[in-house]
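Sequential numbering of the sequence shown, starting at 1022, is according to this note's numbering. Notes follow once the structure below has been shown.
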Amino acid sequence: MRKKIILVAGGAGFIGSHLCRRLVGDGYKVICWDNLYSGRLENIADLRGNSNFSFVKTDITKKFSFKNKVDEIYNLACIASPGGYQRRPLETLLASSVGVKNLLDLAVQCKAKFLQTSTSEVYGDPLVHPQKESYWGNVNPVGERSCYDEGKRFAESLIYTYRNLYKLEAKIVRIFNTYGPKMHPSDGRAISTFLSQALTGKPVTVFGDGLQTRSFCYVSDMVSGLILMMKSREFGPINLGNPGEFTILKLAGLIVKLVRSSSQIAHLDLPADDPVKRKPDITLAKKLLGWQPKISLEEGLKLSLPYYQSQIKSRSKVS
Ligand SMILES: NC(=O)c1ccc[n+]([C@@H]2O[C@H](COP(=O)([O-])OP(=O)(O)OC[C@H]3O[C@@H](n4cnc5c(N)ncnc54)[C@H](O)[C@@H]3O)[C@@H](O)[C@H]2O)c1
């Protein structure tokens, strides 16, 4: 039987590289596309040379012609860290509009299934807690985060339209904060930043009073959720995330303790439009996909630590 061919756009990024590894391990042929804006070749170094894996440096917003047949397309191609997308706001908007359209056209051409990684950011600074998929959100369309939030909202609308127009099996998951090895140590997201700071004895920088809450999902749980969604008959949107809710201050304390660091907590100004509360309602994922996260925050932080230790070691060798 022919092996299923799966395209992972954004596959050299943090979650994408874990997804590629899992799919190759499950026996599929994986084509990874990435323009390497925030992804890195070192994330997929162990897969290069595997005959079931190929990498092509591609920007999904540019015109491409692809003659081969693919069976499934996972789209993770979008800069996801606030620092990253605020440095490239136009590229971020285009990735979620022109880029998603290009991939949807490819899915129509190949009659492939399509899965979009949307985000909890579509709920903005939510007025409803925890966030269910039926909540329409509270997003500032002209704020500092809007290139990401509104881009992802536009992408959801595009996918809904393609599904209706072309009967495409196009699915949406809304990912809540996810962490683990291969998340770039200096991309500015809370866990990667705190681990890097605690390991180097620098102050752990908490925005505002740190009482804002987030929910953190370990990456292996997230990858299982993405694959279950692709295999299911569901279209979503379905929330994927770990409903455990922690203040940022509590997270910083946990990390300092885990690392046995001498770092102090330092408070910085709260960025604009920073959500106060974030916690997924995962009733739908449990019911429709039989999915729920298995790894607790403490376990996930322990599993992530060796990666950040090795990153810091290799950086100090270079400098
Ligand atoms: N990690 C999280 O907490 C989180 C939360 C919500 C949603 N998501 C979504 O999941 C996906 C993956 O996130 P991540 O955390 O792995 O981020 P990431 O930045 O590590 O990965 C995104 C990848 O997309 C690539 N990319 C960006 N624009 C591209 C383009 N135009 N063409 C081709 N490649 C492009 C980047 O180089 C990178 O490798 C993103 O779509 C993100 O919005 C992630």
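Every residue gets a Cβ at the ideal spot worked out from N, C-alpha and C, and that includes glycine.
Check: Where L1044 and L1247 are concerned, what is the direct C-alpha to C-alpha distance, given to the nearest angstrom?; Outcome: 11 Å
Check: Apply the 10 Å Cβ neighbour rule to V1029 and answer buried if 16 or more other Cβ atoms are within range, or exposed otherwise.; Outcome: buried
Check: Give the secondary structure of D1126 by DSSP, where H, G and I count as helix, E and B as strand, and everything else as coil.; Outcome: helix
Check: Touch check for the region 1169-1179 and the region 1221-1241: three-plus C-beta pairs under 8 Å?; Outcome: no
Check: Let me check you understand the geometry: is the CB of W1054 closer than 7 Å to at least one non-hydrogen atom of ligand 1?; Outcome: yes
Check: Name the DSSP bridge partner or partners of W1054?; Outcome: A1030, V1077
Check: Is the closest heavy atom of ligand 1 to the C-beta of F1215 under 7 Å?; Outcome: no
Check: In angstroms, rounded to a whole number, what distance separates the CA positions of L1270 and I1193?; Outcome: 31 Å
Check: Ignore the nearest five residues each way along the sequence and tell me which others in G1274's own chain have a CB closer than 8 Å to its CB.; Outcome: I1286
Check: Please name the residue in S1284, K1134, D1055, F1267 whose C-alpha comes closest to that of L1189.; Outcome: K1134
Check: In this structure, how does DSSP classify R1043 when only helix, strand and coil are distinguished?; Outcome: helix
Check: Counting only beta-carbon separations shorter than 8 Å, does S1167 have a partner in chain C?; Outcome: The structure shown contains no chain C; it holds only a single protein chain.
Check: Going by DSSP, what residue range makes up the alpha helix (DSSP H) through R1174?; Outcome: 1167-1187
Check: Answer yes or no: the CB of D1080 versus the heavy atoms of ligand 1, is any distance below 7 Å?; Outcome: yes
Check: Tell me which residue opens and which closes the beta strand (DSSP E) that R1195 is part of.; Outcome: 1191-1196
Check: Out of P1206, F1076, P1103, which one is the CA nearest neighbour of P1296?; Outcome: P1103
Check: Regarding A1033 and ligand 1, is the C-beta to nearest heavy atom distance less than 7 Å?; Outcome: yes
Check: Of the residues G1060, T1304, G1265, which one's Cα is nearest the Cα of T1079?; Outcome: G1060
Check: Spatial neighbours of T1226 within its chain, please: C-beta separation below 6 Å, excluding the five flanking residues on both sides.; Outcome: A1287, L1289
Check: G1321 and Y1200 - do their beta-carbons sit closer together than 8 Å?; Outcome: yes
Check: Using a Cβ distance threshold of 8 Å, determine whether the region 1161-1171 contacts the region 1205-1218, with at least three qualifying pairs required.; Outcome: no
Check: For L1310 and M1250, I'd like the C-alpha separation in whole angstroms.; Outcome: 7 Å
Check: Can you list, in chain order, the stretches of the beta strand (DSSP E) that have 3 or more residues and sit fully within the region 1250-1304?; Outcome: 1259-1261, 1286-1289
Check: Should the region 1104-1123 be regarded as contacting the region 1065-1072, the criterion being three or more beta carbon pairs within less than 8 Å?; Outcome: no
Check: Distance, Cα to Cα, S1139 vs L1040?; Outcome: 16 Å
Check: If you draw a straight line from the C-alpha of F1085 to the C-alpha of Q1130, how long is it?; Outcome: 13 Å
Check: When we look at the beta-carbon of L1068 and count the other beta-carbons within 10 Å, is it buried (16 or more) or exposed?; Outcome: buried
Check: Please find out if some non-hydrogen atom of ligand 1 comes closer than 7 Å to the beta-carbon of G1060.; Outcome: yes
Check: One question on the structure: do N1089 and G1031 come within less than 8 Å of each other, judged by their Cβ atoms?; Outcome: no
Check: Touching or not, the region 1324-1335 and the region 1200-1211, by the rule of three or more beta carbon pairs under 8 Å?; Outcome: yes
Check: Measuring alpha carbon to alpha carbon, tell me which residue in N1185, E1319, D1055 is nearest L1279.; Outcome: E1319
Check: What are the boundary residues of the beta strand (DSSP E) that I1316 is part of?; Outcome: No beta strand (DSSP E) holds I1316; DSSP gives it neither H nor E.
Check: Expressed to the nearest angstrom, what Euclidean distance is found between the alpha-carbon atoms of Q1330 and T1304?; Outcome: 36 Å
Check: My output table needs one value for Y1156: the three-state DSSP class, helix, strand or coil.; Outcome: coil
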